[in-house]
Structures are given as C-alpha cells and as structure tokens.
Amino acid sequence: MKSNFRLKLFLVMIVFAIVISFTMAIINYVKEREQAIDQNQLQAQQIEDIVYDSIRMIDKAYSIIDQDTTQNMEENSRILLDKYEDNPNFNTWNFKKLKDDLGMDVYIINDKNVITHSSFKPDLGLDFSQCCNEFSQLLDERRVSEEIHIDGMDLQQKTGEIKKFSYVPTPDKKYLIELGYALEDGMIFQEFNFFHKINELVEQYPMLNEINILNTDGFIFGKSTEEEHLPANRKEIFNQTVKGKNSGEIESDWHGEQALYRYVFYSADKNRGISTNRVLEIIYNENELQSILSKNTKLFIIQLLIVLSVTIILALIITKWVARPMYLAFHDSLTGVKNRAAFDECIQVAINNQNWFALYMLDLDNFKLVNDKLGHDQGDYVLILIAQTIQSAVPHNGLTFRLGGDEFAVILPVEELQQVEEVAHNIIEKLKASLHQHEYLADLNVTASIGIAMAPENGMDAEMLTKKADIALYKAKEKGKNQYWCLSLANSLD
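Going letter by letter, the sequence shown gives residues 24 to 517 in the numbering used here.
Listed below in structure tokens is the structure:
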C-alpha cells in the first residue's frame, strides 16, 4: 500500500511539474523563435533602407552637382533640332560623327516608338511599344509636347550601362531625338556608386543572395538585358509592385535553391519623369534564420531533457518527504498494517458499497504475559509477527488493521458464508503455527480469539457493525479462547 501511494504521488507530481516546466520552456522557445524571426525581418528592412538611401543619394548628387551635363544635353538637343530643320532626312546624318562631336549617343525614335537611327548600333530597331509599355506611353506624351525632357539616372537597355537620357520632339511631332550620356566613368557616379554598397551588403549579410536595381520595365541596372530577367511568376509580382507603387514578394528558385524575391518600389522625384522610377529586387535566403531556429530547437530539446531530469529528481525527493507522514497517518508505525484511522475510513467505504463483507475483530490471548515476562521489546516483536501472519492468512482482497495494543481487525469481501469460516480457521491455525515456532511463546500460550460480524444489514452503520463484532469476540473468549465466533453462523472451532 505504501509503495502504491508513493507511486501515485510520484506520478501526480511528475505530471504537474512536467506540465508547468514544459509550458514555461515552450513559451520561452516560442518567444526566442519570434525574436529570431523579428531580428531577421529587421535586418531585411535595414538592407532595403540602405539600398534605397544609396540610390536616393546618387539621384540627389546628379540633381544638385551635375548641372553641366543637364545644360550640355539641352544645348545639344537644340543643335540637333536645328540640324533637323536644315535636313530632316536622318539617312544622310553621320551619327558616329555626331557622337564624337557632342560626346553623347544620339537616337531617333519614330512615331511607332521604334529606334530607327542611332550612333549606338545595338539599339537599332528597338521597339519600346513591345518591350516597355509604360515607357512607350511616356514617349507618346513627350512627342506631342514642345519641351526638352531630361531624365535622371537610367540604363542602356541592351547593356545595362548607367546613362542619363534626354528627349526632345521634332517640330513636326514625327520623331523624338534622344541623347544618351554615360555616367559610370564620371566622378559623381564613382563617388556615390551604389553597386559598391550593394556588394558590401551581400558580403556582410549571409541572408542576402543578390540585390538588383530594375527600371519599371524590368531591366537591370548594370547588367546585360538580352534575355528576359523575370520569369512569369516574378513578372506578375513585379508588375503589381510597379502598378501599386508598393512592395511585394514571392518564393522562387535562385541557382537551384529556394529563395525569397522581394520587390520594393522606388519613387524618384516627380520632376525627373516617370522613367526614372525604379524597383529594388532583393533576393533573400533563410539559411541563417533556419540555422538559428535549428539551434534554438536543439537548445529547447536539451532544456526539456534537463527539466525532465530535474523534475524527476525533485519529485522523488518530495514524494519521499510527503509519502512518509501520509503513510504513517493511515498505518501502524510498529507493524506496518493499517491503523485505526484507516479502519474507520475503510469500513465506511465497505458499507457504502453495499456488497457483503465480513468484519473480523481479533484480540490476543495472554499477550500481557509476554510484556510482563519477556519485556516490551519482545512484545513488539510478537505484534509484528502476528500482523504478518494475519496478512498472510487473509486473501489478497482483504485488509488488515491494528486498532491498538494487541487488538487487530480484518475487513474481507465475501460471496458465501463458508468462506468466512475458512478464513477465520486459517488465521487461527497460522497464528498457532507461527507462535509455536518459539518455545518461550508456546509456554506462555499466546493465542488469538476472533469475533465476526457480517454486513450489510438494514439500518446497520459502522458503529453498530463494530459492536456486533466485539460481542462475537467476547463470545469466542467465553468459549475458551483460541476460537472464532460469528453471530450469523453460531459455529465455533476448538
């Protein structure tokens, strides 16, 4: 019984401690996971801000510092307009010489938005209405105006080269004369080169795979654009970003690995024209984040194992501390069988169950002689021996009690009256055999008398049942001791 109680208490404490500890550990794990994700997102935002600011800085630099280039483009545009008035036949123009004289590439764009003539041969035949719908609409607007339009930093579509472009319509509104001025070799670009900052970021942050700057038609600054850069799924997100002037992202393949493509709209100064708007393409991987999360998971498992180990140890210690006084509260400290408090509880439970059971009240005969002649130490030994003997004689479903002194009791569920007699007879016989093993006890003629009462009966409670068993016990002693008596059976054993 003691081991069962300790086991139950141990299991309850283990479950309680594990639930509390695991809950705290899981909360801490979730918190650390969220912190890792938040930190990853914070780094991503910092990267976007740095790239955004780098482009903004170079735009401002060209706007404030590079007034000479803007003025030269205006002057060269007027020179070409004068030349067109003198000779509107572009087939006769020497575009190579014009480039050498002006220091800029010259392009002629017809009313279909196709480059028909240029000093830059690779662009001949380029049809903006096919490749660049938004830019093509802008060209239509500029062709019918009478102004010279000078954009900010843009790219040479075929090569990705960074250039500054200007556009002026011919007086007859049939053509746009475009000038292109290379910026990458200039002092301003070298001083504020955003490609350097991009490379630094890629080296600094393991979460970065690549950063690209695209114009609003999806062509990359600084890279050849002979082939379509954006596949269909990313093109859709890109177009949504441009149209909504916001940001968007999609998971896609990057050199055989899964990556997150994020597109961030960059809105240039309105005075520079819509063609200078750009989109940041930032390609992230989750390798570092997954590594951190994996470490957190391993740490979480280790913490759980430690918590489990400590919990088990503490539960064992506390169970030992608590189980002993709890056990002693319902058990006799000398013999180890249940005590009077347990008897009062168990007999009430047995009555409430309303199943037949027998109550045996046992009293030792001549036990006082043991204490008087052999001493109390020997008397304690005899009590322990008797308690063990009674337990061995009672079926496994019976309960043995020491009510005090040399008085014992047994509560036994029974199905027939014959079983009651058999158990009583077995107790007496085993006690006789155990006590007679010791000659000094046999000489003192220590035996046991047993009174038996049966329950349930109508209106019978624990007190009444106990009294009936006591009456039966007195009957047994009157018969000559070392006997049992049951009021219901009225039989005895010599």
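Built from N, CA and C at the ideal position, the CB exists for glycine as well. All of these numbers come straight from a predicted model, not from anything done at the bench.
C-alpha distance - residue i paired with residue j, whole-angstrom precision
i	j	result
Tyr204	Phe242	18 Å
Lys135	Gly148	11 Å
Phe158	Glu57	43 Å
Ser152	Arg165	14 Å
Asn420	Pro436	7 Å
Asn505	Ala478	24 Å
Ser270	Phe113	43 Å
Gly503	Thr423	24 Å
Asn308	Ala67	11 Å
Ser100	Leu202	8 Å
Leu125	Asn110	18 Å
Val372	Val393	36 Å
Ser86	Pro194	28 Å
Gln64	Ile70	10 Å
Arg425	Gly402	14 Å
Asn262	Glu55	36 Å
Ala397	Tyr404	Position check: residue 397 holds Leu in this sequence, whereas Ala was assumed. So the two alpha carbons sit approximately 11 Å from each other.
Glu184	Glu108	31 Å
Thr334	Ala352	26 Å
Lys186	Asp174	10 Å
Leu512	His354	Per-residue confidence for Leu512 stands at a pLDDT of 48, beneath the threshold of 50, marking its modelled position as unreliable; no derived number is given.
Glu170	Val129	18 Å
Val225	Ile102	45 Å
Gln313	Ile234	21 Å
Glu97	His219	31 Å
Glu444	Ile341	44 Å
Lys318	Asn232	22 Å
Burial state of residue i, where buried means 16 or more other Cβ atoms lie within 10 Å
i	result
Met47	exposed
Gln62	exposed
Ala476	buried
Thr92	buried
Gly296	Low confidence applies here, because Gly296 scores a pLDDT of 43, under 50, leaving its location unreliable and the question unanswered by this model.
Asp472	According to the sequence displayed, residue 472 carries Ser and not Asp. By the 10 Å Cβ count, Ser472 comes out buried.
Tyr383	buried
Leu337	exposed
Leu454	buried
Ser189	buried
Tyr463	exposed
His172	buried
Ser36	The question names Ser, but residue 36 in the sequence shown is Met. Looking at its Cβ environment, which holds 16 or more other Cβ atoms inside 10 Å, Met36 is buried.
Thr320	exposed
Ala495	buried
Ile50	exposed
Phe380	buried
Phe39	exposed
Ser515	Caution is warranted here: a pLDDT of 35 is assigned to Ser515, below 50, making its placement in the model unreliable, and no coordinate value can be reported.
Leu206	buried
Lys361	buried
Expected contact under 8 Å - CB spacing of residue i and residue j to nearest Å
i	j	result
Ile78	Phe288	No, Ile78 and Phe288 are not in contact; Cβ-Cβ is about 12 Å, not under 8 Å.
Val191	Thr239	Val191 to Thr239, Cβ: 22 Å. No contact.
Asp386	Glu430	5 Å
Lys197	Asp146	With a Cβ gap of about 19 Å, Lys197 and Asp146 do not count as contacting.
Thr299	Asp177	6 Å
Leu283	Phe33	Actually they are not in contact, since the Cβ atoms of Leu283 and Phe33 sit about 50 Å apart, beyond 8 Å.
Glu311	Pro229	5 Å
Ile370	Ile434	6 Å
Ser290	Lys258	Not really, about 20 Å apart at Cβ, beyond 8 Å.
Asn468	Asn389	5 Å
Residue of the options minimising C-alpha distance to residue i
i	options	result
Glu304	Val437, Lys181, Ile221, Val443	Ile221
Ile200	Asp429, Ile131, Ile236, Lys504	Ile131
Leu488	Lys504, Ala432, Ile450	Ala432
Glu272	His278, Ile260, Gly279	Ile260
Glu274	Leu178, Lys268, Arg285, Val469	Arg285
Ile73	Gly267, Lys504, Ala381, Glu223	Glu223
Leu458	Ala40, Thr470, Ala447, Glu501	Thr470
Ser142	Arg257, Asp195, Met127	Met127
Arg363	Gly428, Ile341, Ile413	Gly428
Phe45	Ile329, Arg425, Tyr463, Glu501	Ile329
Thr115	His140, Leu104, Ile102	His140
Ala410	Ser356, Gly267, Leu237, Gln64	Ser356
Asp276	Lys266, Ser247, Leu331, Ile306	Ile306
Leu30	Lys343, Val446, Ala465, Gln213	Lys343
Thr264	Leu237, Ile407, His252, Glu280	Leu237
Ser247	Gln227, Glu214, Gln179, Leu231	Gln179
Below-8 Å beta-carbon distance, residue i vs any chain B residue
i	result
Thr239	You won't find chain B in this structure, because it holds only one protein chain.
Please give me, in chain order, every unbroken run of the alpha helix (DSSP H) with length at least 4 that falls completely inside the segment 71 to 137.
90 to 109, 118 to 125
What are the uninterrupted segments assigned as beta strand (DSSP E) that are 3 or more residues long and contained completely in the segment 331 to 419, given in chain order?
380 to 388
Residue ranges of each beta strand (DSSP E) run of no fewer than 3 residues wholly in the segment 143 to 229, ordered along the chain?
172 to 178, 185 to 192, 199 to 205
Please give the ranges of any beta strand (DSSP E) in the segment 258 to 297, keeping only runs that are unbroken, at least 3 residues long and fully inside the region.
Entirely contained in the segment 258 to 297, the beta strand (DSSP E) runs reaching 3 residues are, in chain order, 270 to 277, 280 to 289.
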